[in-house]
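The sequence shown: position 161 = 161 (UniProt numbering), numbered continuously.
Everything on this sheet refers to the single structure shown next.
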Amino acid sequence: MQLLPPRAAGTGTALIVTGIVATLAALVFPLWSYADRSGTGLGELNAQTVSTRFGPLSATDRLFITKVRLAGLWELPAGQQAEERAPTKAVETAGEHLVEGHTFLDARVREVAARMNLELPSQPNAQQQGWLRELTAAKGEDYERRFANILRRAHGQVFSLVAQVRASTRNALVRQLADDANTTVLDHIKVLEATGLVDFDALARDGATASPPPATRSPAPPGPTSAPGSATPVSPSPTPSFPLPPAVSRPAPKPNVTTR
Numbered sequence: 001m002q003l004l005p006p007r008a009a010g011t012g013t014a015l016i017v018t019g020i021v022a023t024l025a026a027l028v029f030p031l032w033s034y035a036d037r038s039g040t041g042l043g044e045l046n047a048q049t050v051s052t053r054f055g056p057l058s059a060t061d062r063l064f065i066t067k068v069r070l071a072g073l074w075e076l077p078a079g080q081q082a083e084e085r086a087p088t089k090a091v092e093t094a095g096e097h098l099v100e101g102h103t104f105l106d107a108r109v110r111e112v113a114a115r116m117n118l119e120l121p122s123q124p125n126a127q128q129q130g131w132l133r134e135l136t137a138a139k140g141e142d143y144e145r146r147f148a149n150i151l152r153r154a155h156g157q158v159f160s161l162v163a164q165v166r167a168s169t170r171n172a173l174v175r176q177l178a179d180d181a182n183t184t185v186l187d188h189i190k191v192l193e194a195t196g197l198v199d200f201d202a203l204a205r206d207g208a209t210a211s212p213p214p215a216t217r218s219p220a221p222p223g224p225t226s227a228p229g230s231a232t233p234v235s236p237s238p239t240p241s242f243p244l245p246p247a248v249s250r251p252a253p254k255p256n257v258t259t260r
């Protein structure tokens, strides 16, 4: 029998050890990769969440609170401007709803922030200030169109965040604020659409470019194979009348009763 030289024997042992280590690593890695660790969604959620007496407050919760405040800082003056200009009854009505709704929501968000010691912005961000300048510079029919579409697009973006927060938050105060925001924002979306000036094709294009396409495509529904005709837009009444949104308020706390 031919014996391997010492160097060759050592090399063979090293290869065996390396193979065993690689096998163990391959077995352990899947378990580690699915565990909660820094960098995963769950890890980031836990790392960015703080405890409050109303429940855990996540980074998404704090973003939502900030966005509600920012919305009021520019949409309230935008609504006041629409009321003053009053080019049409529909736009005037939308302005009234913006003023009423964001006056209510701003008071609510300041209450929530105060109870959890959160700092809120005191002025609109650069983009929102740009929207206000754009509206101020516009006149007549151009103003009406810009008002309806800028505000409708902004409300649609906030509406999706409201749904996300309402579905996932673990904080009781944030949940109540999301209820209030949902009622108010949906009302504003409806009155803005009731102006008959919203460009839904532009909204659809914005939505398609802002989010990735679905992973799978649904089959086309059964029907004629010929090209369809032009869509007929459905316009609302030129003078819509909507009641102002009901405030989603919490029951008043019961007074403390001391027993003797």
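Note that the Cβ used here is the ideal one computed from N, Cα and C, for glycine as well.
{"Query": "With respect to the alpha helix (DSSP H) encompassing phenylalanine 147, which residues constitute its N-terminal and C-terminal limits?", "Result": "140-168"}
{"Query": "Tell me the rounded alpha-carbon separation between glycine 72 and phenylalanine 104.", "Result": "9 Å"}
{"Query": "Using three-state DSSP, classify valine 109 as helix, strand or coil.", "Result": "helix"}
{"Query": "Between the beta-carbon of histidine 155 and the beta-carbon of glycine 101, is there less than 8 Å?", "Result": "no"}
{"Query": "Between which residues of its own chain and tryptophan 74 is the CB-CB distance below 6 Å, once the five residues before and five after are set aside?", "Result": "Pro124, Gln128 and Leu132"}
{"Query": "Who are valine 174's beta bridge partners in DSSP?", "Result": "The partner list for valine 174 (beta bridge, DSSP) is empty, contrary to what the question assumes."}
{"Query": "Our contact map puts proline 56 next to threonine 49 with C-beta atoms below 8 Å; I'd like the distance itself, whole angstroms only.", "Result": "5 Å"}
{"Query": "Valine 198 by DSSP, collapsed to three states: which one?", "Result": "coil"}
{"Query": "Could you check the C-alpha separation between aspartate 199 and threonine 183 for me, to the nearest Å?", "Result": "23 Å"}
{"Query": "Report the three-state DSSP secondary structure of leucine 192 (helix, strand or coil).", "Result": "helix"}
{"Query": "Quick check: the region 140-153 against the region 189-197, are there 3 or more CB pairs under 8 Å?", "Result": "yes"}
{"Query": "Can you list, in chain order, the residues of its chain with a C-beta nearer than 6 Å to that of arginine 175? Leave out the 5 residues immediately preceding and following it.", "Result": "Thr169"}
{"Query": "Going by DSSP, what residues sit across from valine 50 in a beta bridge?", "Result": "Leu57"}
{"Query": "Enumerate in chain order the residues of its own chain whose CB-to-CB distance from valine 185 is below 7 Å, with the five nearest sequence positions on each side excluded.", "Result": "His155, Val158, Phe159 and Val162"}
{"Query": "Pick from Phe54, Ala78, Gln80 and Ser58: whose alpha carbon is nearest that of asparagine 46?", "Result": "Ser58"}
{"Query": "If I measure Cβ to Cβ from arginine 166 and keep anything under 8 Å in the same chain, skipping five residues before and after, which residues do I get?", "Result": "Arg175, Ala178, Asp179 and Asn182"}
{"Query": "Am I right that leucine 76 and valine 99 are in contact with their C-beta atoms under 8 Å? What's the rounded C-beta distance?", "Result": "6 Å"}
{"Query": "So is asparagine 117 buried or exposed if we call it buried at 16+ other beta carbons inside 10 Å?", "Result": "exposed"}
{"Query": "Measure the C-alpha to C-alpha separation of residue 339 and arginine 110 and round it to an integer number of angstroms.", "Result": "Outside the shown range of the chain (1 to 260) lies residue 339, about which nothing can therefore be said."}
{"Query": "Is the beta carbon of glutamate 193 sitting closer than 8 Å to the one on arginine 153?", "Result": "no"}
{"Query": "When the distance is taken between beta carbons, is glutamate 84 closer than 8 Å to glutamate 96?", "Result": "no"}
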